[in-house]
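Novice: All residue numbers for the sequence shown refer to the UniProt record's numbering, where the first residue is 1 and numbers rise by one.
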Amino acid sequence: MIVLQVNQIYKSFGTDEILSGVKLEVQHRDRVALVGRNGAGKSTLLKIIAGQMSYDSGDIIIPKGIKVGYLEQHSGIDSTLNIWEEMMTIFTDIKVQEKKLRELEQKMANPEVYENKNLYERITAEYDQLQHDFKEAGGYQYEAETRSVLHGMQYFPEDYDKPISSLSGGQKTRLALAKLLLSKPDLLILDEPTNHLDIETLTWLENYLKSYEGAILIVSHDRYFLDQLVTIVYEVSRTHVTKYVGNYSGYLEEKAKNYERDLKMFEREQSEKAKLEAFIQKNIARASTTKMAQSRRKMLERTEWMDSPEGDERTANFGFTIEKQSGNDVLSIDDLTIGYADQAISKNISIRAFREDRIALVGPNGVGKSTLLKTIVQDLPIKNGNIRYGTNVKIGYYDQEQAKLSSNKSVLKELWDEWPLMNEKDIRTILGSFLFSGDDVTKTVNSLSGGEKARLALAKLMMQKANLLILDEPTNHLDLDSKEILENALIDYPGTLLFVSHDRYFINRIATKVVELSSNGAFEYLGDYDYYIEKKQELEELAQMKVNESQKAEAIVVKQTTSKIDKEAKKRERQLRRSIEQLEIEMAEINEEISKIEEELCKPDIFQNHEKVLELQTQLDNFKSEYENLELHWLDLNEELENIIL
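1. Going by the beta-carbon positions, is the gap between VAL236 and GLY41 smaller than 7 Å?
2. Please go through the same chain and pick out, in chain order, the residues whose beta-carbon is closer than 7 Å to the beta-carbon of ILE199, but skip the five residues on each side of it.
3. Let me confirm a value: GLY545 is counted as buried when at least 16 other C-beta atoms fall within 10 Å, else exposed. Which label applies?
4. Which whole runs of the beta strand (DSSP E) in the region 498-579 are 3 residues long or more, in chain order?
5. Closest to residue 670 by C-alpha separation, out of ILE597, ASN638, TRP634, would be which residue?
6. From the DSSP secondary-structure annotation, give me the bridge partner or partners of SER12.
7. Apply the 10 Å Cβ neighbour rule to ALA454 and answer buried if 16 or more other Cβ atoms are within range, or exposed otherwise.
8. Using the beta-carbon count (16 or more within 10 Å), is VAL96 buried or exposed?
9. Would you say GLY390 and ASP335 are within 7 Å of each other, going by their C-beta atoms?
10. What are the residues that DSSP puts in a beta bridge with LYS243?
11. Tell me whether the beta-carbon of ILE164 lies closer than 7 Å to the beta-carbon of ILE77.
12. What are the uninterrupted segments assigned as alpha helix (DSSP H) that are 4 or more residues long and contained completely in the region 434-483, given in chain order?
13. Would a C-beta distance cut-off of 7 Å place VAL230 and ASN247 closer than the cut-off?
14. Taking just the CA atoms, how far does PRO604 sit from ALA588?
15. Skipping 5 residues on each side, what residues in its chain have a beta carbon closer than 8 Å to that of LYS624?
16. By the three-class DSSP mapping on this structure, what secondary structure does VAL113 have?
17. Compare the Cα-Cα distances from GLN129 to each of LYS100, SER271, SER148 and report the closest residue.
18. Quick test of your reading: THR182 and VAL149, contact by CB under 8 Å. State the CB separation rounded to the nearest angstrom.
19. Taking LYS172 as part of the alpha helix (DSSP H), name the residues at either end of that continuous run.
20. Under three-state DSSP, which class holds PHE266?
21. Applying the criterion that 16 or more other CB atoms from any shown protein chain within 10 Å of the CB defines a buried residue, is ARG578 buried or exposed?
22. Taking the runs of the beta strand (DSSP E) that are 3 residues or longer, which of them lie wholly in the region 341-393?
23. Count the other C-beta atoms from every protein chain shown that fall within 10 angstroms of the C-beta of LYS483, then say buried if there are 16 or more, exposed otherwise.
24. Could you check whether LEU300 and ASP191 sit closer than 7 Å to each other, using their CB atoms as the reference points?
25. Within 10 Å of its beta-carbon, does VAL441 have 16 or more other beta-carbons around it, so buried, or fewer, so exposed?
26. Are the beta-carbon atoms of LYS71 and LEU197 separated by less than 7 Å?
27. Give the range of the alpha helix (DSSP H) segment to which ILE644 is assigned.
28. Could you give the uninterrupted runs of the beta strand (DSSP E) lying entirely in the region 51-137, keeping only those of 3 residues or more?
29. On the criterion of 16 or more Cβ atoms from any shown chain inside 10 Å, does GLU260 qualify as buried, or is it exposed?
30. I'd like to know whether the C-beta atoms of ILE83 and LYS172 end up nearer to each other than 7 Å.
31. Near TRP419, what residues of its chain come up, given a Cβ to Cβ distance below 8 Å and the 5 sequence neighbours on each side ignored?
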């Protein structure tokens, strides 16, 4: 079933055409990604589909009854409620149904209802239908699902009473995503949902979305996430949209094949075009050949020539070099405690970094990864322990917050003031390789976008020629093409890397070691991200096996001990069995008497004798009461026996 059709959508901002003749289709259960450079129009297209932005022409077709949910980039929840109360606002209809069910149950508990057959049938029919609707709407599991999703988004029972107004921007964004997931729209539209998520939360979100019942349309720069989730990719490029079937890696392969094919076709067309132009120029002035030349010129004008497959999109082009090689021992961290003046975040940290190591630092949000990097570069003091730097080590630091890029200087001056001996032409050339050209170099630093600040920070890092690069979330704010260029530059880098990243694709390509940071130390894995996940799972399974074996051994010891000291229990067991057996005999005898009386009451001559019926009914009530008492006693004895046996 089609849940979305986008037909011939055009959108311009002033004279700038953003989208031209865009076509897109999403079927039920599709997992669709929109990819493209920053500024290509991905978010614009999502806003148009979600009805939050107008378009110049075309059609957006969403079938009647299809519920659309949209999470905008950097969006969050502003509410006066606490976390749990806000989540419960999604289930208002279910709560109304639940209240109605309780009301009907109270009515059904009233004995008078059973005396009125029509009323009883009407109430029970209404109750059955409402109970069915309540179950179908998820009424019996909505609270459990809410707890599950909140847990996945790193909100725990102790957080439920927190006012939303007290949360940070990133926490509000995660909460907005949790609320949207719980509302279960038929078409889920997500714009950069992986921002503000650590690796653990990302993994949970991947697994949740894989089994999501509806369709998903997503914009993300997280290539690992896209590879795990999507099956269709639409690329937004030069105002147009192109469809590719497969995940992100499949899209890259297909795009590369298409590029090679289109380049050959373009070169062949350009060759034909050049021949036509040469013929026209050579023959247009000759009387004998002018008609042929004019005919060729008309052909030249009528032909729709291919655009270059390379287009006019600029690509950053840079690499990292070192001024002087360090010694083999680059960094030694021993029993380190990190944190701030009044709080220790993590302790017992020991790490070794050797020349040309590529170390990825991972761990949940708040565990101190950025704090550790700031401590290593001496932006924060050491609380306890020791950090030793190797011979000739020169550190280059990339700060994810770009706190030092907030001046009123121009982009050109920002670099030139730090390297005043370089001439302007060389500075401009370097800036050009990071996509700052023309008027871009006169922009003030504090007015730059996140992506522009990231590229400027990388330009400054490149110029330092440091042999130890410490990078805190270097792929944040970069589009997919820029990420790939940065990866290639770091793969070719001859120095040592220590970096924090939530980009698992990036870690897989770069890292030779993964260090997992916790509040009580650091554990090293010798491999990339996939190896880290595999090894961590293996270690967890081994630890669980040890726990199981330990529990089994304890159970054997307890059983052996119990066998020596449990003579009293065995004695009591025999007593209980005899008592239960005697009760069962008595209950069988009473049950036989009850059956006899019930048979007597069914006889016509007895049934017509009111006094006899009353006498037999009294006897029957007494026998039933006695049977119930014996049955309760029998249940108590059996429960005691089960506890002894277990």
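Glycine is no exception: its CB is placed at the ideal position from the N, C-alpha and C atoms.
Specialist: Well, looking at it:
1. yes
2. VAL362, HIS502, ARG504
3. First, the amino acid is wrong: residue 545 is Met here, not Gly. By the neighbour-count rule (16 or more Cβ atoms within 10 Å), MET545 is not buried but exposed.
4. 513-518, 521-525
5. No answer is possible for residue 670: the residues shown for the chain start at 1 and end at 646.
6. GLU17
7. buried
8. exposed
9. no
10. TYR234
11. yes
12. 450-464
13. yes
14. 27 Å
15. ILE594
16. helix
17. LYS100
18. Inspection of the sequence shows that residue 182 is occupied by Leu rather than by Thr. 6 Å between Cβ atoms; contact.
19. 169-183
20. helix
21. exposed
22. 343-354, 358-362, 384-389
23. buried
24. no
25. buried
26. Here residue 71 is Leu; the residue named in the question, Lys, does not match the sequence. No, the Cβ-Cβ distance between LEU71 and LEU197 is not below 7 Å.
27. 610-645
28. 57-61, 68-71
29. exposed
30. no
31. ILE427, MET463
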